[in-house]
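Read the sequence shown against numbering that gives the first Met the number 0 and you will find it ends at 603, with the numbers running on by one and no gaps.
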Amino acid sequence: MKITSLEIKDFPPIKNLKIENLGDVVVIAGANGSGKSRLKEAIVGALQGSGQMSLSLIATREKEREDFGGSEISTVQGSNNSILTKYIQNRKYGKGQYVGSLVQIDSRRNIQTIQYNPIGWRVSDPDEQETPSTFYYQDFGNRWQDFMNYIHLKVAAYDRDLTDEVKSGTNITADEIKKKIPHPLERYKEIFSVLLPNKILLDIDPASPREFSYKDSEGVQLTFSSLSSGEQEVVKIVFDVIRKEINHSVIIVDEPELHLHPTLTFKLIETLKAIGNHTNQFIFLTHSADLISTYYSTGNVYFIDSQQSGSNQAHKLSDLNHGHHDIVDLIGENLGLFAVGKKLVFVEGEDSSIDRLAYHSIAQKYLSEAKITPIGSVENIITLNTIEEQIRNSIFGIDFYMIRDRDGLSSTQINALEKNGRIRCLKKRHLENYFLDAEVLFKVAQKLYLTVSRPEITQQYIEDQLKVIASNQIKLNLLQNTKEYVSANHNFNIPTVKSLDVKTCDDIVAEFSTETTNELNSLSNNLSTGNLTSWMNSEKTRLENALTNNSWKDEFQGKALFSKLCSDVLSEDKIKIRQAYIDVALIEKPSVFDDIKNILESFN
Numbered sequence: 000m001k002i003t004s005l006e007i008k009d010f011p012p013i014k015n016l017k018i019e020n021l022g023d024v025v026v027i028a029g030a031n032g033s034g035k036s037r038l039k040e041a042i043v044g045a046l047q048g049s050g051q052m053s054l055s056l057i058a059t060r061e062k063e064r065e066d067f068g069g070s071e072i073s074t075v076q077g078s079n080n081s082i083l084t085k086y087i088q089n090r091k092y093g094k095g096q097y098v099g100s101l102v103q104i105d106s107r108r109n110i111q112t113i114q115y116n117p118i119g120w121r122v123s124d125p126d127e128q129e130t131p132s133t134f135y136y137q138d139f140g141n142r143w144q145d146f147m148n149y150i151h152l153k154v155a156a157y158d159r160d161l162t163d164e165v166k167s168g169t170n171i172t173a174d175e176i177k178k179k180i181p182h183p184l185e186r187y188k189e190i191f192s193v194l195l196p197n198k199i200l201l202d203i204d205p206a207s208p209r210e211f212s213y214k215d216s217e218g219v220q221l222t223f224s225s226l227s228s229g230e231q232e233v234v235k236i237v238f239d240v241i242r243k244e245i246n247h248s249v250i251i252v253d254e255p256e257l258h259l260h261p262t263l264t265f266k267l268i269e270t271l272k273a274i275g276n277h278t279n280q281f282i283f284l285t286h287s288a289d290l291i292s293t294y295y296s297t298g299n300v301y302f303i304d305s306q307q308s309g310s311n312q313a314h315k316l317s318d319l320n321h322g323h324h325d326i327v328d329l330i331g332e333n334l335g336l337f338a339v340g341k342k343l344v345f346v347e348g349e350d351s352s353i354d355r356l357a358y359h360s361i362a363q364k365y366l367s368e369a370k371i372t373p374i375g376s377v378e379n380i381i382t383l384n385t386i387e388e389q390i391r392n393s394i395f396g397i398d399f400y401m402i403r404d405r406d407g408l409s410s411t412q413i414n415a416l417e418k419n420g421r422i423r424c425l426k427k428r429h430l431e432n433y434f435l436d437a438e439v440l441f442k443v444a445q446k447l448y449l450t451v452s453r454p455e456i457t458q459q460y461i462e463d464q465l466k467v468i469a470s471n472q473i474k475l476n477l478l479q480n481t482k483e484y485v486s487a488n489h490n491f492n493i494p495t496v497k498s499l500d501v502k503t504c505d506d507i508v509a510e511f512s513t514e515t516t517n518e519l520n521s522l523s524n525n526l527s528t529g530n531l532t533s534w535m536n537s538e539k540t541r542l543e544n545a546l547t548n549n550s551w552k553d554e555f556q557g558k559a560l561f562s563k564l565c566s567d568v569l570s571e572d573k574i575k576i577r578q579a580y581i582d583v584a585l586i587e588k589p590s591v592f593d594d595i596k597n598i599l600e601s602f603n
């Protein structure tokens, strides 16, 4: 299931709040006291039948369509929808499943001393028991105590299963037994090392339950409590959630950045988003400026205005402009950014925020200390490149780099730009050229359920349609490439006059005029009708050849290709496609971003 809209009135401190067309990842921001936690409370209550708010949900799997009696279901504030209440209360989960419900991770995540239960020898696997339908509705602190007892029980059951396998007289080897019955702690060890590189989670002894321990990079064994509060926080949240196979559910996280460095915050979020094969919806209630500025381009970032009454208090950030003076000022008071001690990576792009989301997601995997900063046009990148050394030498703690599209630059021009090591050009024409892999696009179509209503969408269909689009865009590419060629290779160089002290004003006028005439003549000769016609004919042939040798995905105007694919073939918003593409590619086919990975790693 997925929430598509929500509305709540007179639920202090919230007066009137309405959000529609919620996406898969929703970010809701606001100052302290604006009502974020109360909003979470109301959503949780409404799904339990309290009637605290109005909600609309859509079914994301066939079982829900059957139970809802259709593809959608709604609640109205002040009343209870008996069909939804029955659906939630009758959820049945076994074998560690948790499907089609709600997960809440509240901001009260301080854990008291854990009480461990004694464990007998003949214990049963705790995942064989049925999970309550509201398991993830309870407070996080209680769930963590439950988890620590659960994992010790799980290991004890594993030890029993190994013994039973050996006693059964099997002829398979010990290694084969371990493959048949995998150790339950292995998945937690793997995720622990991903979240906290160079740290290794150690085995536990169910005969003597106690907190986790780990080895640091120097091999020293330490207790779990010796981790920083942020490290403990992110491990606890992820362990709590991956305990169950959660899918087709709504996951609400209150203040995901609490106690966390921005890098850990994004590791947490990207790890959570991957759970359930991207079938879950996430609602993040946050103060994090990094999180807000990264996701606002998706159109699913909202700011709760605590000072407004009467009209809707929820403002979509992507709809705001400088005409909204009061609310923009209010948001500015809450969203400051500072990046001392990080690597600033300035990125080009007309849709700078959208590009920032792509670069940021990739950077979190390959250069986590990077702070991706949108700068707009390529002209801004070039200007910054000319003064970067002066800036670095004058501001303590700042180190920055730049990434720009390749556009129509020649190898010589690229080498000249990259000479100082601070700027790198993409190997493909535009950033969007990295979003044209048909295999990933097909998986995105499946994730967004586009293939349900349109079964003709297959990987081969997408590949074929991309080729058709490219064939129809040769004229567009020829025109755009010519403009880029002329702009990059033919410009008027303003003359200089030397030795002013020995020249009169008349001398200066004469010399400057003469040099201007020479420069204009040189420019017109280089940019003659014959030369330009010859270049364009050669470019037309090169573009036609690119279609036959399959280099068109790198060489053609990627922005136009991707935009046309989203609108005409997939019939879906291009921002939503891009966001899903990044999520899927980084997990299932990260090689599509190898060029960008190499650029980011070169900044180390």
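All C-beta atoms, glycine included, are put in the ideal place defined by N, C-alpha and C.
Just so we're clear, the structure is a prediction, and the values are computed from it rather than from any experiment.
Where A444 is concerned, the enclosing alpha helix (DSSP H) starts and stops at A437 to K446. At a Cβ-Cβ threshold of 8 angstroms, L356 and T293 count as neighbours.
Fewer than three pairs of CB atoms, one per stretch, sit closer than 8 angstroms, so the segment 433-446 makes no contact with the segment 411-422. The shortest CA-to-CA distance from N432 to any of S486, R577 and D158 is the one to R577. The residues D239, in chain order, have a CB closer than 6 angstroms to that of R142 in the same chain once the five nearest residues on each side in sequence are set aside.
The three-state secondary structure of V240, taken from DSSP, is helix.
Within the same chain, I245 and N246 come within 6 angstroms of G275 by CB-CB distance, once the 5 residues on both sides are set aside. Judged by DSSP secondary structure, G44 falls within the alpha helix (DSSP H) whose first and last residues are K35 to L46. Unbroken alpha helix (DSSP H) runs of no fewer than 4 residues, entirely contained in the segment 541-583, are found at 551-554 and 557-563, following chain order. Between S225 and the set L16, C504, S106 and F211, the nearest pair of CA atoms involves F211. When K94, L101 and G95 are compared, the shortest CA-CA separation from Q88 is found for L101.
H314: member of the beta strand (DSSP E) spanning A313 to K315, first to last residue. Residue burial annotation: T172 is exposed, with fewer than 16 other C-beta atoms found within 10 angstroms of its C-beta. Out of E40, D406 and S550, the CA that lies nearest to the CA of I7 is found in E40. Assignment of S224 by DSSP, reduced to helix, strand and coil, places it in the helix class.
The bridge partners DSSP lists for F592 come to none. Proximity of the segment 250-266 to the segment 202-219 falls short of the contact definition, fewer than three beta-carbon pairs being nearer than 8 angstroms.
In this structure, DSSP gives K14 an extended state, which the three-state scheme calls strand. Counting along the chain, Q458 sits inside no beta strand (DSSP E); it lies in the alpha helix (DSSP H) bounded by residues Q458 to N471. Non-local C-beta neighbours of L83 in its own chain, meaning closer than 8 angstroms and more than five positions away in sequence, comprise L46, G48, L56, F67, I72 and T74, ordered along the chain.
Comparing alpha carbon positions, the residue from H286, S317, S305 and D289 closest to G298 is S317. Cα atoms of D594 and Y365: separation of roughly 12 angstroms, rounded to the nearest angstrom. Taking the Cα of Y460 as reference, the smallest distance to any Cα among K266, P494, A156 and V568 is reached at V568. When the beta-carbon positions are compared, F345 and L383 come within less than 8 angstroms of each other. Judged by pairs of C-beta atoms under 8 angstroms, the segment 263-272 touches the segment 281-293, as three or more such pairs exist. CA-to-CA, the gap between G22 and A579 works out to about 11 angstroms. Secondary structure in the segment 86-134: no alpha helix (DSSP H) run of 4 residues or longer lies completely within the stretch. Between T130 and K243, the C-beta gap is smaller than 8 angstroms, which places the two residues in contact. Per DSSP, the continuous alpha helix (DSSP H) segment holding I507 begins and ends at C504 to N525. When C-alpha distances from K179 are compared across Y157, I203 and A206, the shortest belongs to Y157. In this structure, the CA atom of I374 is about 20 angstroms from the CA atom of K596. A direct Cα-Cα distance of roughly 23 angstroms separates I507 from N490. DSSP lists I402 as the beta-bridge partner residues of R423. Close CB contacts of E19 within its chain, under the 6 angstroms cut and outside five residues either way in sequence, are with S4 (chain order). Partner residues in the beta bridge of F283, as assigned by DSSP, are V26 and V252. Comparing C-alpha distances from V252 to each of T285, Q231 and L263 shows the shortest one belongs to T285.
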